[in-house]
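Residue numbers (our numbering), protein chains in the order written: chain A, 41 to 256; chain B, 351 to 609.
Next up, the structure:
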């Protein structure tokens, strides 16, 4: 699509400097903003021409990657991402200005991903299979770091698939998305202590499942 | 050792996440799809819950009835089997002091560490005997720096009108992240399987499997996350008409100086 280019200036990020949009932006908490310079986009402006596309360009990669890490299925992750953006547009008017947009999107993504997993369980489908054929791709290919074996990556995906969605979400939000346990707890709707417990349990189970790789 | 394994796990998670990140081709397709759905779907969003698809009212009635049945079943089952922590429930007693001050326990541990070259996995000291577990050779290269003291007290009472009676008290020290099988120093034949790990914010995670000849047919398995130094009920159950309560206290000992 010619209109959507995440690397071009077709959708330059616009920081409001005056008016209601600037006021709303100034009210948002700075949390997570250091990780996402686009987190101060105004969701209430999504109905304006071009704002939705700008939101997609800014956040699609993060939303879709987070969705995949929870649902572990490419097609379902795509569905989750689409639903997240449609929900974002539909509920922009109800967005509370006391949280950063990225936090809000994280929360919507986590909820939608879990909802998709519940639907799949209800429809008695088999557990989401680990995707086969892992290969390094995407923008961050881990350059400069020691490259783990393909076998480890496949075993990691399998081990993540054996975690409950709650434990998987906890380890994804903290170890991969680099959120603090309290931030992850706020997104997942649980207490910080519960989040610590889930992280601990997830780590324990993953280490046990991957002990063959870590013991060597 | 834990930190090292955590770092390895984090590196593997980061590598997996990078390998599984959306690629440019898929991003393009998905972005088009999302924008197209939005363009075509201003009305679709509003109609995402069409009238015909809404659950029929009788389904709500059935759901409420099912929920009521589940609640009733849980209420009946509650006293027939082991239950996990009833948080907020009344404690059997005020927190008890350790049989030996933690400083003394730490000194005892230090002495055993010197004897076993820092390979002590757990230490269970009772009034008349002291048992020591030593790590397997494979794990002895990196002795754990942190140890957790765990106190377990089993009490019982025939009814709520009478005071609690102590059945058994066990105190042990265990290296973090070691799944240890520890014989009870308080009661012959009793065995404790314990795993402990201090997390942030002064909390300690404990996995416990508790078997005692006092209750041969019962088997407790609980996982808890509790603040240091606080006495918490971890299991409450009824057996032959007697109410039992298992309470747990955890404390992190200062790092050991080896050698």
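Note that CB positions come from ideal geometry on N, CA and C, so glycine has one too.
Using a Cβ cut-off of 9 Å, pull out every chain B residue sitting near residue 159 of chain A, in sequence order please. Neighbours of residue 159 of chain A on chain B: none; closest Cβ ~14 Å, over 9 Å.
Residue 460 of chain B versus residue 546 of chain B: straight-line alpha-carbon distance, rounded: 19 Å
Would residue 466 of chain B pass as an interface residue toward chain A - the criterion being a Cβ-Cβ separation below 9 Å? no
With 9 Å set as the bound, which would you pick, yes or no: does the beta-carbon of residue 372 of chain B sit closer than that to a beta-carbon of chain A? yes
Taking the beta strand (DSSP E) that residue 574 of chain B belongs to, which residues open and close that run? 570 to 577
List, in chain order, every chain A residue whose beta-carbon is nearer than 8 Å to that of residue 384 of chain B. 96, 100, 121, 122, 125, 126
Closer than 7 Å by beta-carbon distance: list the chain B residues that pair up with residue 226 of chain A, in chain order. Correct list: empty, because the minimum Cβ distance to chain B is about 15 Å.
Report all residues from its chain with a CB closer than 7 Å to the CB of residue 531 of chain B; omit the five preceding and five following residues, and keep chain order. 541, 543
Alpha-carbon spacing of residue 116 of chain A relative to residue 240 of chain A, whole angstroms: 27 Å
If you drop the 5 nearest sequence neighbours on each side, which residues of the same chain put their C-beta closer than 7 Å to that of residue 214 of chain A? 221, 224, 239
Contacts of residue 598 of chain B in chain A (Cβ-Cβ under 7 Å): Per Cβ cutoff of 7 Å: no residues; residue 598 of chain B is ~15 Å from chain A at best.
Does any residue of chain B have a CB that is nearer than 9 Å to the CB of residue 237 of chain A? yes
With 9 Å as the C-beta to C-beta threshold (strictly closer), list the residues of the stretch 529 to 558 of chain B near chain A in chain order. 545, 547, 549, 550, 551, 553, 555, 557
Taking Cβ-Cβ distances shorter than 8 Å, what residues in chain B pair up with residue 109 of chain A? 367, 370
Going by alpha carbons, who is nearest to residue 612 of chain B out of B/504, B/370, B/365? The question about residue 612 of chain B has no answer here: the residues shown for chain B are numbered 351 through 609.
If I follow the unbroken beta strand (DSSP E) through residue 596 of chain B, where does it start and stop? 592 to 603
To the nearest angstrom, report how far apart residue 574 of chain B and residue 243 of chain A are at their CA atoms. 16 Å
Nearest neighbour of residue 203 of chain A, chosen from A/130, A/112, A/218, A/96 [CA to CA]: A/112
DSSP has residue 547 of chain B in a bridge; who is on the other side? B/555
By how many angstroms is the C-alpha of residue 91 of chain A removed from the C-alpha of residue 247 of chain A? 43 Å
Could you spell out where the alpha helix (DSSP H) holding residue 523 of chain B opens and where it closes? Careful: residue 523 of chain B lies outside any alpha helix (DSSP H), inside the beta strand (DSSP E) at 515 to 525.
Run through the DSSP bridge pairs and tell me what residue 481 of chain B is partnered with. B/474
Could you tell me the alpha carbon to alpha carbon distance between residue 555 of chain B and residue 576 of chain B, rounded to whole angstroms? 7 Å
Just verifying my parser: in three-state terms, what is the DSSP assignment at residue 583 of chain B? strand
Quick one: list the residues of chain A neighbouring residue 387 of chain B, beta-carbon separation under 7 Å, in chain order. 122, 126
Over what stretch of residues does the beta strand (DSSP E) that includes residue 507 of chain B continue unbroken? 497 to 507
So what's residue 373 of chain B in DSSP terms, helix, strand or just coil? coil
Just the C-alpha distance for residue 125 of chain A and residue 386 of chain B, rounded to the nearest angstrom, thanks. 12 Å
Kindly indicate the opening and closing residues of the alpha helix (DSSP H) around residue 221 of chain A. 221 to 228
Is DSSP giving residue 533 of chain B helix, strand or coil here? strand
Using 8 Å as the cut-off, can you tell me whether the stretch 599 to 606 of chain B makes contact with the stretch 508 to 519 of chain B, which would need three or more C-beta pairs spanning the two stretches below that distance? no
Assigned secondary structure, residue 469 of chain B (DSSP; H/G/I helix, E/B strand, else coil): coil
From B/381, B/361, B/481, B/584, pick the residue whose C-alpha is nearest to that of residue 537 of chain B; which is it? B/481
Go to residue 234 of chain A, then tell me how far its alpha helix (DSSP H) extends in each direction, as first and last residue. 232 to 249
Considering only the beta carbon of each residue, do residue 253 of chain A and residue 192 of chain A sit closer than 9 Å? yes
Looking at the C-beta of residue 376 of chain B, does it have a partner C-beta in chain A at a distance below 9 Å? yes
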